[in-house]
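So, in structure tokens, the structure goes:
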């Protein structure tokens with residue numbers, strides 16, 4: 092008997108001990124048959140850089156996509172974020188604080204080592220101890236108080252309190268080989284020798300920020316990928332990525348530039364693959380300082396004695412000053428939906444009446460005056476210029492909207508690697524960033540983005556603004572111990588409402604995920620936006 096995380100992405104009711112859905116991801120398009128003798132090499136163009144091959148170092152979607160090609164977890168998710176088996180064939184809760192996992196027999200790592208329960212125990216011990224991790228995976232293993240290896244293919248995970256999300260969380264933890272990785276470093280993964288997993292592909296070479304080359308693994312236990320070799324190119328410039336597809340330099344691209352959608356949709360040589368996503372684009376604020384914030388001044392450019400972003404009225408005013416519909420229609424060209432919370436309608440823990448803040452410039456001015464800023468103030472809004480669709484254009488638009496409301500805004504866009512390092516150090520006052528929810532439910536962003544930063548619990552790992560709300564933390568902790576799905580969903584909805592009524596973060600929109608490819612290819616789109624070679628195949632090939 093398999094166990095689920097609760098409700099699936101589309102609201103499928105599942106108990107905490109049940110037969111997990113085996114459902115396959117939805118096929119985007121039935122494309123024309125592949126030409127005879129279709130090449131065995133797939134060249135992909137992806138829009139975001141991979142920052143690390145170490146699967147436990149940095150929680151970022153590009154890293155996760157590559158990790159899924161090299162490694163495997165005990166569980167994984169389908170295209171709609173429903174939990175399904177991977178290295179674990181089945182699981183069940185045998186009492187309120189014990190999960191038992193039955194592991195798949197006969198699995199071998201790329202180097203021939205046999206996969207056993209000892210490798211799982213080793214992996215769980217490594218996850219919280221990866222040095223200098225900017226966004227730790229420890230949040231997914233912290234609830235585990237004891238790992239009991241019953242036999243080579245059975246293990247039990249003991250928790251201090253009931254923990255309904257164990258199968259969901261473990262989809263984010265890639266399993267390593269105890270012998271191979273005993274002394275492994277993040278540098279060793281990036282260099283290549285330690286990039287050994289049980290996934291569908293072996294890594295052949297890695298040129299940081301440029302490309303990764305893969306070869307199909309003959310040891311893989313799952314469905315055989317269509318491609319013998321894969322060239323995974325990082326093309327962060329939108330125009331260059333589209334040009335590479337049109338020129339035939341790559342066969343598929345992700346993050347299709349919104350400005351190119353109409354052109355590519357009408358090109359008879361190409362096909363699109365689309366799905367509503369799980370990535371929220373939002374603004375984060377400096378909650379860590381009560382005194383002056385580094386990029387906030389008065390109108391004469393002098394530092395303010397107190398951080399205005401600590402005042403919820405100021406944050407509400409900044410939210411009210413943003414015309415989300417204009418951003419979605421004019422900047423995103425319809426490739427997004429306005430957001431008032433973490434996830435789209437239909438998701439587990441979605442709050443029906445928590446709608447996007449109504450655009451009201453004059454109302455924003457009144458709130459600023461009420462907070463003691465009738466003349467506004469100055470701020471710099473930071474963001475990346477090569478990570479999310481139209482990211483630099485979005486912050487430019489918001490800067491103009493805030494300025495009209497009385498908050499004179501300068502905008503600074505930087506390459507992702509530079510920007511995210513500064514955000515992780517809490518160097519910024521306000522910034523645009525995104526979060527792709529992997530589990531299809533609100534506990535994931537609540538724990539990572541808005542829970543009070545707590546290294547021991549693993550909470551707040553990506554809470555770069557250091558937002559903290561004790562009441563939200565209390566409700567979230569209660570939800571994380573609740574085994575009844577209906578009660579847990581209500582608690583997660585309550586925690587979500589607290590965050591967004593307080594404007595702990597400022598939601599902008601939820602992206603739609605779009606890939607473009609040569610006709611003759613088929614692609615299984617994913618709500619979590621991961622771009623993986625094993626989701627692509629010649630259209631004539633059986634799924």
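Numbering (the working numbering), first residue to last: 92 to 634.
Note that CB positions come from ideal geometry on N, CA and C, so glycine has one too.
- A distance of 8 Å or more separates the beta carbons of residue 502 and residue 524.
- Under the three-state reduction of DSSP output, residue 335 falls in the helix class.
- Fully contained in the region 260-313 are the following alpha helix (DSSP H) runs of length 4 or more, in chain order: 277-282.
- Beta bridge pairing from DSSP links residue 181 with 193.
- Our two residues, residue 229 and residue 219, have alpha carbons roughly 5 Å apart in a direct line.
- Counting only runs of at least 3 residues, the region 464-547 fully encloses the following beta strand (DSSP E) elements, listed from N- to C-terminal order: 468-475, 498-505 and 521-527.
- Residue environment for residue 578: exposed (fewer than 16 other C-beta atoms within 10 angstroms of its C-beta).
- The Cβ-Cβ distance between residue 512 and residue 227 does not fall below 8 Å.
- Following the DSSP letters along the chain, one finds residue 603 inside the beta strand (DSSP E) bounded by residues 597-609.
- Straight-line measurement puts the Cα of residue 478 at about 29 Å from the Cα of residue 177.
- Around the CB of residue 382, fewer than 16 other CB atoms lie within 10 Å, so the residue is classed as exposed.
- In the DSSP assignment, residue 239 is bridged to 247.
- If you check the CB distance, residue 164 and residue 264 come in under 8 Å.
- Counting only runs of 4 or more residues that sit fully inside the region 337-375, the alpha helix (DSSP H) segments are 352-356, in chain order.
- Contact check for residue 172 against residue 369 passes: the beta carbons are separated by less than 8 Å.
- Secondary structure of residue 394 (DSSP, three-state): strand.
- Apart from sequence neighbours up to five positions away, the residues of its chain that approach residue 251 with a beta-carbon distance below 6 Å are 236, ordered along the chain.
- The three-state secondary structure of residue 427, taken from DSSP, is strand.
- At the C-beta level, residue 413 and residue 492 come within 8 Å of one another.
- Counting only residues of its own chain and dropping the five nearest sequence neighbours on each side, residue 326 has a CB closer than 8 Å to the CB of 136, 137, 138, 332, 335, 341 and 344.
- A Cβ-Cβ contact shorter than 8 Å links residue 349 with residue 424.
- Excluding its 5 nearest sequence neighbours in each direction, residue 529 has C-beta neighbours in its own chain below 8 Å: 155, 168, 172, 262, 263, 369, 535 and 619, listed in chain order.
- The beta carbon of residue 564 is closer than 7 Å to those of 542 and 543 in its chain, skipping five residues each way along the sequence.
- Contact between residue 287 and residue 268 is confirmed by a C-beta separation of about 6 Å, below the 8 Å threshold.
- Straight across, the Cα-Cα distance linking residue 148 with residue 162 is about 14 Å.
- For residue 159, the enclosing alpha helix (DSSP H) has its first and last residue at 152-161.
- For residue 418, there is no enclosing alpha helix (DSSP H), as DSSP marks it with neither H nor E.
- Contact between the region 390-407 and the region 454-470 is present, with at least three C-beta pairs closer than 8 Å.
- Contact annotation, residue 303 with residue 289: C-beta distance approximately 18 Å; criterion of less than 8 Å not satisfied.
- Pairing residue 428 with residue 560, the inter-Cα distance amounts to about 27 Å.
- In the DSSP secondary-structure assignment, residue 176 is bridged to 166.
- Here residue 407 is buried. Its C-beta has 16 or more other C-beta atoms within 10 Å.
- In the three-state scheme derived from DSSP, where H, G and I count as helix and E and B as strand, residue 386 is classed as coil.
- Excluding its 5 nearest sequence neighbours in each direction, residue 329 has C-beta neighbours in its own chain below 6 Å: 348, listed in chain order.
- Classified as buried, residue 166 has 16 or more neighbouring CB atoms from the shown chains inside 10 Å of its CB.
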